[in-house]
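**Q**
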Amino acid sequence: MERDAVELIKEYWAVIVGFVSLIAWAVRLESGMKQNASDIRGLWRQRDEDIQAHRHARIETNGLLQKLDAKMDAAFSEFRGDIKTLLQRKGDQ
């Protein structure tokens, strides 16, 4: 009986090694797929965080631009008033 087992191993050692190699390769492939899936989830999380940060920065920038626009409107209004005053003085002469 023991002799038969040794003879079977000698006869089919290449098939056995191939089968074990196939199992090891499949386990390695599955591990790589799990790692890739984890990396992709991390990239999506990072993308969401980046989008939120850019949205916040854009809102902040828009607020600053609105304040600047209001200041420029006030300055141009003052310039228009000064020009009107100068034109009136010029017209009075």
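Under the numbering used here, the residues of the sequence shown are numbered 33 to 125, in order. We put the beta carbon where it would ideally sit given N, CA and C, even for glycine.
Can you find the residues in the same chain that come closer than 6 Å, C-beta to C-beta, to Ala69, ignoring five residues on each side of it along the sequence?
**A** If we look at Ala69 and ignore the five residues flanking it on each side, it has no Cβ neighbours.
**Q** What does the alpha-carbon distance come out to for the pair Gln84 and Asp71?
**A** Near 20 Å, if we compare the C-alpha coordinates of Asp71 and Gln84.
**Q** How big is the Cα-Cα spacing for Gly113 and His88?
**A** Cα to Cα, Gly113 sits roughly 38 Å from His88.
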